[in-house]
Amino acid sequence: MKFNENGNNAAEESLKNYKVLRIGDIAFEGHANKKFKFGRFVLNDIGAGIMSPRFSTLRPVFNINIKYWKYYIHNDHIMKTKLVKSTKLGTMMNELVTQEFLNQTFKEPQKIEQEKIGNILFLLDKNITLHQRKLELLKQNKKFFLQKMFPKDGEKIPEIRFSEFDKDWEQKKLKNIGNTFTGLSGKTKEDFGHGDAEYITYMNVFSNPISNLTGTDKIEIDKKQNEVKYGDVLFTTSSETPEEVGMSSVWLGNSSNIYLNSFCFGFRPTKKIDPYYLGYLLRSQTVRRKIMVLGQGISRYNISKNKLVDISITVPSYEEQQKIGMSLNNQDMRITDQIQNIKRLKLLKKHLLNKLFI
7 MKFNENGNNA AEESLKNYKV LRIGDIAFEG HANKKFKFGR FVLNDIGAGI MSPRFSTLRP
67 VFNINIKYWK YYIHNDHIMK TKLVKSTKLG TMMNELVTQE FLNQTFKEPQ KIEQEKIGNI
127 LFLLDKNITL HQRKLELLKQ NKKFFLQKMF PKDGEKIPEI RFSEFDKDWE QKKLKNIGNT
187 FTGLSGKTKE DFGHGDAEYI TYMNVFSNPI SNLTGTDKIE IDKKQNEVKY GDVLFTTSSE
247 TPEEVGMSSV WLGNSSNIYL NSFCFGFRPT KKIDPYYLGY LLRSQTVRRK IMVLGQGISR
307 YNISKNKLVD ISITVPSYEE QQKIGMSLNN QDMRITDQIQ NIKRLKLLKK HLLNKLFI
């Protein structure tokens, strides 16, 4: 359970009708969603507070194991069979028919088993929270280095640099180091979802500085289309906000018959440049600012590829590019590993919640 230290802006006169919720009390929140079809119970495990009278509340008549009942009462796998018999549709949300709910029977283990189950789930939740905090720190760390490892606009060296490098970086326009190509054209919805070729999706480009090689969908082989090659940079051409226009992603796959979706265009470097370096540079704050101002539109923003490739980027020696690209990619891999750790812990928790209660 959570509480708002600043209150809910309710009129002072109405507060006299609010309920006092003590530790161990249980509140019913009747808004239905995919996870809780009839609403949900939440046990107060944080301290005394007040709650709006529109929520039904229950108070145990004897001491309970809070850690155990916190998870049991919140478990939709168990509670939905009870709530289907003891809720009714209200004006804004489902309402608990308290007496009908209290007349139902529940199975519970002995106190010592409740304690063990509660402790396991409590420690698992604590572990998940610690991993989530670590993930946020990793993301903040990456954001910091993205800001510091590339020169600010108008400068020739970055704030943070590997000690073995000291030369000024060069300014180069994208159009002078590569050429553009278009995404899929002449296709209808019947052409998608089948075939021996693949196309890189819009969301893959939008979401990843280095493309996810599995972020593709099926399409038929068409030799008239432009194939995407290793090291190509992919740009989105349209967005709902100027902040999200012209998002870039570098493709590092070697498969043949890979195309690009029709809402993006490609850029193929003709000069030697490290693909990881280029991928992260184009997502840096300095370059993103240059791209964002190019977005044109009202309800939807579009970007001209000719204007985009006219922007200048800063480029160090190839060796320094490699070190920067590798460093930032290693940070991304740590973030990905941490996300997978959290997913595994949440999956374990879901499994335990389904198996520890009856």
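Under this note's numbering, think of the first position of the sequence shown as 7, with each following residue one higher.
From the three backbone atoms N, C-alpha and C, an ideal C-beta is built for every residue, glycine too.
Best match in 224, 171, 326 and 132 for proximity to residue 202 [C-alpha to C-alpha]: 224
Given residue 125 as reference, the closest of 72, 167, 295 and 311 once Cα atoms are compared: 72
Contact under 8 Å by Cβ, residue 300 with residue 290: no
When 69, 40, 117 and 115 are compared against residue 86, the one with the closest alpha-carbon: 40
Contact with chain D by residue 218, beta-carbon distance below 8 Å: In the structure shown, chain D does not exist; there is a single protein chain.
Buried or exposed by the 16-neighbour rule on C-beta atoms within 10 Å, applied to residue 255: buried
Own chain residues within Cβ distance below 6 Å of residue 92, not counting five before or after: 103, 106 and 107
Close Cβ partners of residue 165 (< 6 Å) along its chain, the five nearest in sequence each way excluded: 154
C-alpha distance - residue 315 paired with residue 197, whole-angstrom precision: 31 Å
Reduced DSSP category for residue 242 - H, G, I as helix; E, B as strand; rest coil: strand
CB-CB length for residue 94 against residue 57, believed under 8 Å: Actually they do not touch by this definition, with Cβ atoms about 20 Å apart.
Extent of the continuous beta strand (DSSP E) run through residue 364: It is not in any beta strand (DSSP E) - residue 364 carries neither H nor E in the DSSP assignment.
Nearest to residue 23 (by Cα), restricted to the options 50, 60 and 36: 60
Exposure label - residue 321; buried when at least 16 CB within 10 Å: buried
Residue 324 versus 340, 76 and 281, residue with shortest Cα-Cα distance: 281
Residue 52 to residue 139 span [Cα, whole Å]: 20 Å
Beta strand (DSSP E) runs wholly inside the region 171-256, at least 3 long, in chain order: 176-179, 184-188, 198-206, 222-225, 239-242 and 254-256
The region 346-358 / the region 227-235 touching (three or more Cβ pairs under 8 Å): no
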